[in-house]
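Enquirer: Position 255 of the sequence shown, counted from 1, bears residue number 1449 in the numbering used here, the numbering being contiguous throughout. Where a beta carbon is used, it is the ideal one built from N, C-alpha and C, also for glycine.
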Amino acid sequence: MSWARIMAPLSGGQGDPAAVKAAALLAAPFGAELAGVYTPADVADVMPWMGEGFLGGVQSTALESLKEAAAAGEKNAKSAMAGCDYAKKQFISLQTPVWAGLSAESRLSDVVVFTSDPPRGRGPLAEAFQQMVADEQRPVLIAREGFKVGGVVAVAWDGGKEASRAARLAMPLLEKASRVVILAAPKATSRSFDPSKLQAYYAARGVASDVDVLPDSGDAAPVLLYAAKKAEADILVAGAFGHPRLQEFIFGGTTRSLLASDQPSLFLSH
């Protein structure tokens, strides 16, 4: 199992070089294409707020400013891609309708890469992150400082649909890992599950793994993060948004706690 296309949404801001670097690090072990996708603010989203009288000088000036900002952002995004020495890369600049274009590009990508800010609701790509995970249900990689492929990968497992999807889609990462450890916190969930079944699933596909059954109860996120740190995991694989999305974003939950953490890098799938 392998990946052939890694996508990095770009905003034209200061975070683009880090996103491109992380995406290249993920793409390289698989010989995958790196697609840098410039995702500007969509003029079509702004026009309804300007009202029906879209003929005045103020509105025209605002529209021109948006166009100028988009052009400047595209230049910066191109520069970030040009600064990456990964050979197999492609730059794509989205036009109106931007969100439809972003969805289309993601559907033909194996993983979508973000840095830490968008998942925390910061910066111009915050909405793009929500769209990728919750609406498009694409696997995403959140690359933190020190991200690498080939180190220790921890897999958060509770037997649920979201965890199962993430655990399966992460197989290419696990095949490259120096060690795989399955983290199970049965006392932190009402669901009954057997982590040895996931271990057997991996073994049948040539991936050896260890199981760490965590004794703690209560909120699963701190338990998982502690166990991942103890295992010296470079990446934590986890299911995302196990509860209704609105509830998850307003009230927090395990996903939000993982997104707020500084380490490790995260591979998430809904």
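1) On the DSSP letters alone, give me the boundaries of the alpha helix (DSSP H) that residue 1395 sits inside.
2) For residue 1373, which three-state DSSP category applies?
3) If distances are taken between C-alpha atoms only, which option among 1355, 1201, 1415 and 1236 comes closest to residue 1260?
4) Tell me whether residue 1343 is buried or exposed, calling it buried when 16 or more other Cβ atoms sit within 10 Å of its Cβ.
5) Taking just the CA atoms, how far does residue 1315 sit from residue 1335?
6) Are residue 1299 and residue 1401 close, meaning C-beta to C-beta below 8 Å?
7) Return the chain-ordered list of same chain residues with a C-beta closer than 7 Å to the C-beta of residue 1242, the five sequence neighbours on each side being excluded.
8) Considering residue 1204, what are the terminal residues of the beta strand (DSSP E) in which it resides?
9) Count the other CB atoms, across all protein chains shown, that sit within 10 Å of the CB of residue 1284; report buried if there are 16 or more and exposed otherwise.
10) I'd like the span of the beta strand (DSSP E) that includes residue 1232, first residue to last.
11) Report the three-state DSSP secondary structure of residue 1285 (helix, strand or coil).
12) Which runs of the alpha helix (DSSP H), 4 residues or longer, sit entirely within the stretch 1271-1354?
13) My understanding is that residue 1313 touches residue 1453, with C-beta atoms under 8 Å, so please give their C-beta distance in whole angstroms.
14) Note down the Cα distance separating residue 1441 from residue 1281, rounded to an integer number of angstroms.
15) Mind checking residue 1372: buried by the 16 CB within 10 Å criterion, or exposed?
16) Work out the CA separation of residue 1318 and residue 1263 for me, nearest whole Å.
17) Where in the stretch 1401-1426 do unbroken runs of the beta strand (DSSP E), each at least 3 residues long, occur, reported from the N-terminal end onward?
18) Would you call the stretch 1320-1330 in contact with the stretch 1418-1425, where contact means no fewer than 3 C-beta pairs closer than 8 Å?
19) Less than 8 Å between the CB atoms is what I'm expecting for residue 1214 and residue 1229, so what's the real figure, rounded?
Expert: By the coordinates alone:
1) Note, residue 1395: alpha helix (DSSP H), 1389-1397.
2) Residue 1373: strand per DSSP, three-state reduction.
3) Nearest option by C-alpha distance: 1236.
4) The residue is buried, with at least 16 neighbouring Cβ atoms inside 10 Å.
5) When only Cα atoms are considered, residue 1335 and residue 1315 end up about 16 Å apart.
6) Between residue 1299 and residue 1401, the C-beta spacing is not below 8 Å.
7) Because residue 1242 sits at a pLDDT of 49, beneath the cut-off of 50, its placement in the model cannot be relied upon, and the point is left open.
8) Start and end: 1199-1204.
9) Residue 1284 is exposed by the Cβ-count criterion.
10) For residue 1232, the enclosing beta strand (DSSP E) has its first and last residue at 1227-1232.
11) Under the three-state reduction of DSSP, residue 1285 is assigned to strand.
12) Uninterrupted alpha helix (DSSP H) stretches at least 4 residues long and entirely within the stretch 1271-1354 occur at 1292-1301 and 1320-1324, given in chain order.
13) Approximately 4 Å separates the beta-carbon atoms of residue 1313 and residue 1453; this is inside 8 Å, confirming the contact.
14) Low local confidence applies: a pLDDT of 43 at residue 1441 is under 50, so the model's placement there is unreliable, and no value is given.
15) With a 10 Å radius around the Cβ and a threshold of 16 neighbouring Cβ atoms, residue 1372 comes out exposed.
16) When rounded, the distance between both Cα atoms is 13 Å.
17) The stretch 1401-1426 contains these whole beta strand (DSSP E) runs: 1404-1407.
18) No: fewer than three Cβ pairs fall under 8 Å.
19) Going by Cβ atoms, the distance from residue 1214 to residue 1229 rounds to 10 Å, so no, they are not a contact pair.
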